[in-house]
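Quick notes on the structure that follows.
Protein chains: 2
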Amino acid sequence: MLTFTEENYLKALFQLSAEKGIDQVGTTELAQHLNLKPASINDMLKKLKEKNFVETERYSKITLTDEGKRRGAEIMRRNRIWETFLYDKLDFTWDEVQEVAEQLEHVSSKKLIDKLYDLLESPEFDPHGNPIPDLNGNLKVQFRKTLAEVETGQSCKMVAVKESSNSFLQCVMNLGLVLNNKITVVRRQEFDDLLDIEINGRIHTVSQKLAQNIYVLCLNCQKESTCIKHLCNLN
Amino acid sequence: MLTFTEENYLKALFQLSAEKGIDQVGTTELAQHLNLKPASINDMLKKLKEKNFVETERYSKITLTDEGKRRGAEIMRRNRIWETFLYDKLDFTWDEVQEVAEQLEHVSSKKLIDKLYDLLESPEFDPHGNPIPDLNGNLKVQFRKTLAEVETGQSCKMVAVKESSNSFLQCVMNLGLVLNNKITVVRRQEFDDLLDIEINGRIHTVSQKLAQNIYVLCLNCQKESTCIKHLCNLN
DNA sequence: AAATAATGTTAGATTAGCCTAACATAATTA
DNA sequence: TAATTATGTTAGGCTAATCTAACATTATTT
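Read top to bottom, the protein sequences are chains A and B. Position one of the first sequence corresponds to residue 13 (this note's numbering), numbered consecutively onward. Position one of the second sequence corresponds to residue 13 (this note's numbering), numbered consecutively onward.
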């Protein structure tokens, strides 16, 4: 059995690896993600290494073992299934799900997650558009870019958000933006990097910072839009 | 904020008080209920006392303060709402709910519990027939006795179970007994204290021990069947 | 290649929650 | 009421997970 804390470490390692597309995570990076000091990370790594969840050598990066990946994916799966439940079944808003799901993800019962997944009709993505890992730790990743990378004049569809802070999510909600909305980049201000975008026929001005945290699918490259990323080669 | 452990202590104290009908709980009693040693109880009591959740003097019994009761009732409420959710919505069986609900009860989100309660259509009792405390810590208590106390020849209705161990619950399930089933006590064996009972037209033989753990309502005293027990006088 | 900055590690302290073993008080029984 | 049993308390120790402060290594820049 894993402790609450060990689960958080494994989930964080899995998530950071997935985001970067590389299996190597740094101590400081992980510390920041978990809101801890690097020294604390080292203490825990010693334990995770003993239990064969990570591989790491002195002064080099951390890599999850296959078992570590499986466990990390499992926690992420639980988290995203709970987020979906809260959003779909209990009328939670976008910015409310994360805090509660982070507590719920640690409840360990295979039956619980399986039944919830059925109840939700086997969702592939959580309310923020992030993929729900399958039981083998495979993550369905969309071939996406950020709104900031979309060329002026082009249209795209919002498929996910990057940030999960409340201030960001509330900002997006205030724009009236929801998943699968069409967005057109109308104009860019060179001077201050602001973007004018069109949503549902209305023009809004948004910051570069916001645009960098919205994932979109360009409307002319939908064919190759999804591919399964095997973050974990098990079975 | 309460820790996981503090919540367990307060719930246990609330539950023991409620079961006994007295506001006084002993160290050893509590230790047994929580599967801990009496010495550990004392450590925690010091903390709970400082935080004003319990009152206790050297070598005497423990009493919850009003605030302590409110908190204890809150945890019990969460526990029983989760049990109902698992049973009603996720097809958990009688003996599976407890373990998972004991983890879920510590997730702290008022909205979560309120929404779940709505989803379940404001249940008054959990799947074991135990009352769900309201938001003020009031417990609706049925005027009930155990099956062992029912006179031979009389009929009654099962309204709750006392024990929560799996071996007991499975035993009851094997008899085909569910909440609100009618039970008639057909015969008693003087020699070994076994009871013959009729359920759905079939006769079963059960032990005294089992009968002592089944709560029933006698079919002729239904009028005065429920009364609200104010375990906590707040507001 | 030396200086600086960034990153990783270690030692030693702290807190929560539990334990055992010894001891103190209260309750029960002979 | 004295002896016995049940119950409650204290001291001292352990582990998990965190911290700070000092130190070591690696990477980057000049």
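Ideal Cβ placement from N, Cα and C applies to all residues, glycine included.
- Nearest to A/K157 by C-alpha distance, out of A/L124, A/I226, A/Q220 and A/L98, is A/I226.
- Remark: C-beta atoms of A/I87 and A/Y129 do not approach each other more closely than 8 Å.
- As a beta-bridge residue in DSSP terms, A/R199 pairs with A/D208.
- Taking a C-beta cut-off of 7 Å against chain B, none of the residues of the stretch 151–177 of chain A qualify.
- Non-local C-beta neighbours of A/L28 in its own chain, meaning closer than 8 Å and more than five positions away in sequence, comprise V37, E41, L42 and H45, ordered along the chain.
- Closest option to A/K123, judged by alpha-carbon separation, among B/D146, B/D103, B/S134 and B/P139: B/D103.
- Taken through DSSP and simplified to helix, strand or coil, B/Q154 comes out as strand.
- Counted as a single uninterrupted DSSP element, the alpha helix (DSSP H) harbouring A/L28 occupies residues F16 to K32.
- Excluding the 5 residues flanking it on each side, B/M185 has same chain C-beta neighbours closer than 8 Å at T105, W106 and D107, in chain order.
- In the structure shown, A/L132 adopts coil according to DSSP, grouped into three states.
- Chain B has a Cβ within less than 8 Å of the Cβ of A/K127.
- Residue environment analysis places A/T217 among the exposed positions, since fewer than 16 neighbouring C-beta atoms fall within 10 angstroms of its C-beta.
- When only Cα atoms are considered, A/M13 and A/D100 end up about 30 Å apart.
- Using a CB distance below 9 Å, the part of the stretch 97–124 of chain B facing chain A consists of L98, K101, L102, D103, F104, E108, E111, V112, Q115, L116, H118, V119, S120, S121, K123 and L124, ordered along the chain.
- Using a Cβ-Cβ distance cut-off of 8 Å, the stretch 53–62 of chain A and the stretch 108–115 of chain A are not in contact, since fewer than three pairs of beta carbons, one from each stretch, lie closer than that value.
- Annotation: A/E69 is outside any alpha helix (DSSP H) and is labelled neither H nor E by DSSP.
- Just so you know, the alpha carbons of A/N232 and A/V162 end up roughly 12 Å apart.
- Taking 8 Å as the CB threshold, A/L191 stays off the interface with chain B.
- Across the structure, A/N91 and A/G141 are spaced so that their CA atoms are roughly 13 Å apart.
- Ranked by Cα distance from A/L25, the options A/K81, A/F137 and A/I215 are led by A/K81.
- For A/F97, the three-state secondary structure derived from DSSP is helix.
- Straight-line spacing of the CA atoms in A/V66 and A/A172 works out to 29 Å.
- Cα atoms of A/L76 and A/E117: separation of roughly 20 Å, rounded to the nearest angstrom.
- A direct Cα-Cα distance of roughly 41 Å separates B/C230 from A/F97.
- In this structure the stretch 146–153 of chain B does not touch the stretch 189–199 of chain B; the number of beta carbon pairs closer than 8 Å is below three.
- Short of 8 Å from the beta carbon of A/E19, and not among the five residues preceding or following it, lie these beta carbons of its own chain, in chain order: R83, I87, E117 and H118.
- Shown here for B/A223: same chain residues with a beta carbon closer than 6 Å to its own, the five before and five after excluded, namely L159, A160 and L207 in chain order.
- The beta carbon of A/I211 is closer than 7 Å to those of L187, G188, L189, N193 and I195 in its chain, skipping five residues each way along the sequence.
- Listed in chain order, the non-local C-beta contacts of A/P139 below 7 Å within the same chain comprise E95, T96, Y99, W106 and V109, local neighbours out to five positions each way being set aside.
- Only K127, L128 and L131 from the stretch 126–145 of chain B bring a Cβ to less than 8 Å from some Cβ of chain A.
- Between A/D205 and the set A/M170, A/S121, A/K221 and A/A30, the nearest pair of CA atoms involves A/K221.
- Only residues of its own chain outside the window of five on either side were considered, and among them A43 have a CB closer than 8 Å to the CB of B/K49, listed in chain order.
- Burial is judged here by how many other beta carbons sit within 10 angstroms of a residue's own beta carbon; B/I74 has at least 16 and is buried.
- Between A/C168 and the set A/V228, A/F180 and A/S177, the nearest pair of CA atoms involves A/V228.
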